[in-house]
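S.K.:
Residue numbers (the numbering used here), protein chains in the order written: chain A, 398 to 606; chain B, 2 to 227.
(1) For residue 526/A, would you say it is in contact with chain B, using Cβ-to-Cβ distances shorter than 8 Å as the test?
(2) Could you check whether the Cβ of residue 453/A sits closer than 8 Å to any Cβ belonging to chain B?
(3) Which first and last residues belong to the alpha helix (DSSP H) in which residue 214/B is found?
(4) Output the distance between the C-alpha atoms of residue 164/B and residue 5/B, rounded to the nearest integer angstrom.
(5) Taking only beta-carbon atoms, is residue 3/B less than 8 Å away from chain A?
(6) Using the beta-carbon count (16 or more within 10 Å), is residue 144/B buried or exposed?
(7) Report the neighbours of residue 466/A on chain B: residues whose CB is nearer than 8 Å to its CB, in chain order.
(8) Taking residue 604/A as the reference, give the member of 493/A, 405/A, 398/A with the closest Cα.
(9) Pairing CB atoms from the region 74 to 81 of chain B with CB atoms from the region 478 to 497 of chain A, are three or more of them under 8 Å?
(10) Taking 8 Å as the threshold (beta carbon to beta carbon), is residue 433/A in contact with chain B?
(11) Please classify residue 478/A: does DSSP put it in a helix, a strand, or coil?
(12) Give a yes or no on whether 8 Å exceeds the smallest Cβ distance from residue 230/B to chain A.
(13) Can you list, in chain order, the residues of its chain with a C-beta nearer than 6 Å to that of residue 576/A? Leave out the 5 residues immediately preceding and following it.
(14) In the structure shown, what three-state DSSP assignment does residue 604/A receive?
(15) So, with DSSP's three-state summary, where would you put residue 414/A?
(16) Taking a cut of 8 Å between CB atoms, which residues from the region 539 to 551 of chain A lie near chain B?
(17) State the start and end residues of the unbroken alpha helix (DSSP H) segment that holds residue 573/A.
(18) Assuming residue 144/B is part of the alpha helix (DSSP H), what are its boundary residues?
(19) Taking a contact to mean a Cβ-Cβ separation below 8 Å, would you say residue 136/B touches residue 203/B in this structure?
(20) With distances taken between CB atoms, is the gap from residue 563/A to residue 521/A smaller than 8 Å?
(21) Taking the alpha carbon of residue 28/B as the point to measure from, which residue in 102/B, 83/B, 14/B has its own alpha carbon closest?
(22) Cβ of residue 216/B within 8 Å of Cβ of residue 159/B?
(23) Using the C-alpha atoms, what's the distance from residue 503/A back to residue 429/A?
(24) According to DSSP, is residue 421/A helix, strand or coil?
(25) In this structure, how does DSSP classify residue 565/A when only helix, strand and coil are distinguished?
(26) Specify the secondary structure class of residue 80/B as computed by DSSP and reduced to three states.
(27) Nearest to residue 1/B by CA position, among 122/B, 38/B, 67/B, is which residue?
(28) Whole angstroms are fine: how far does the CA of residue 481/A sit from the CA of residue 153/B?
(29) Does any residue of chain A bring its CB to less than 8 Å from the CB of residue 44/B?
(30) Starting from the beta carbon of residue 498/A, find every residue of chain B whose beta carbon is closer than 7 Å, and list them in chain order.
(31) Could you compute how far the alpha carbon of residue 436/A sits from the alpha carbon of residue 500/A?
(32) Looking at C-alpha atoms only, which residue of 107/B, 129/B, 125/B is the closest neighbour of residue 18/B?
(33) Nearest by alpha-carbon distance to residue 471/A: which of 537/A, 401/A, 569/A, 441/A is it?
(34) Mind listing the chain A neighbours of residue 222/B? Cutoff is C-beta to C-beta under 9 Å, in chain order.
(35) Residues in its own chain within less than 7 Å of residue 593/A by CB, not counting five upstream and five downstream?
(36) Is there a Cβ from chain B that is less than 8 Å from the Cβ of residue 484/A?
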């Protein structure tokens, strides 16, 4: 069902109806966004740059939580100062990411690397919630410690590992090995390639590709 | 828009084309190019290194400008970011060289690649001059020379970016980030502590280094677009 919806977004939403009564996939909003050279380049460029603002600032917060840098500075001082930049980076990153996704929703949905990226993003979000909810509850007690307690360091190491995984998976979306056209049997299963084929068959009467 | 032909290594550096051809035709490089997964691993490493490098440059610049970590001394922040700046720069250059060798013939005729290398020279000069100034606490003739050479390389790379057909969207992105950034630095002048305002040269170097690294990253992305 999601596959069918993504195909609608990519091929039909905003598309003109041709002489045969089918949606012309090349005229959909999604196709127009992908074909709009300048906007597309700006979105991609922005997405890469926010990585530095977002992940680059998180790195130093996590390093402090790991006890590897600025041992004499209270953790709260580091986080309070850097997190606004992290948040701005995150917001711009999500907006540009969603727009880039919208340019090719059906293909990305059936891309194994994209699915892996989503899973890592969810895990990273869970890690943040657990950190705020449980680990940070008694921050007063270890805020000034050069070496914070084990559970704090564990959360920080998990954060670094997960954001690296998100970046790596994001980069891998561009490689054909993770798509239905070039991927092996495992990728085919994990990317729902049978589902993709079924959707393409189902929409053949409504869309000219 | 474009009044000049695209500036590349092929048409501006004698011997560049011959070098690229000899690299591209060497059996080792041809074998390497067959190993697609190796190239991908290097590309992924390049992106990760660039992320940590960008973070280090940004955090240090924000600190010098009094826009972040104001409770921590500039010296401590420089010490904190130094390993990441070095690993990012050296690792980025090594992985970048690997990628350049594998695609030498394309890059030698690519305008964005020329701009990237020019901006990289500026970025490294600014970063060195800034770190030196913070560590030594005073200016030296060497730093001034580095700063001026960096400025010349940066301005040239920006001009090429803005005036080359097919690349000027990258210049729009750089402008869209640089203008608000410089405005933020300017507006916040009255709010940052007197201590953080004292060293105007360091502030200028940190603005220069942030912009130069920005150009490096954007030009790098635009290699793929052009």
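From the three backbone atoms N, C-alpha and C, an ideal C-beta is built for every residue, glycine too. Fair warning: this is a prediction, and the values are worked out from it, not measured in the lab.
M.R.: In this structure, then:
(1) no
(2) yes
(3) 201 to 226
(4) 8 Å
(5) Confidence is the limiting factor: at residue 3/B the pLDDT is only 44, short of 50, which leaves the residue's position unreliable, though a coordinate-based value still follows. Chain A, which has no Cβ nearer than 8 Å to the Cβ of residue 3/B, makes this no.
(6) buried
(7) 81
(8) 405/A
(9) no
(10) no
(11) helix
(12) The first residue shown for chain B is 2 and the last is 227, placing residue 230/B beyond what the model contains.
(13) 508
(14) strand
(15) strand
(16) none
(17) No alpha helix (DSSP H) holds residue 573/A; DSSP gives it neither H nor E.
(18) 142 to 164
(19) no
(20) yes
(21) 102/B
(22) yes
(23) 15 Å
(24) strand
(25) helix
(26) helix
(27) This structure cannot settle anything about residue 1/B, because the visible part of chain B is limited to 2 through 227.
(28) 33 Å
(29) yes
(30) Within 7 Å Cβ-Cβ: nothing; residue 498/A doesn't reach chain B, min ~18 Å.
(31) 11 Å
(32) 107/B
(33) 537/A
(34) 438, 441, 442, 445, 446
(35) 400, 507, 577
(36) no
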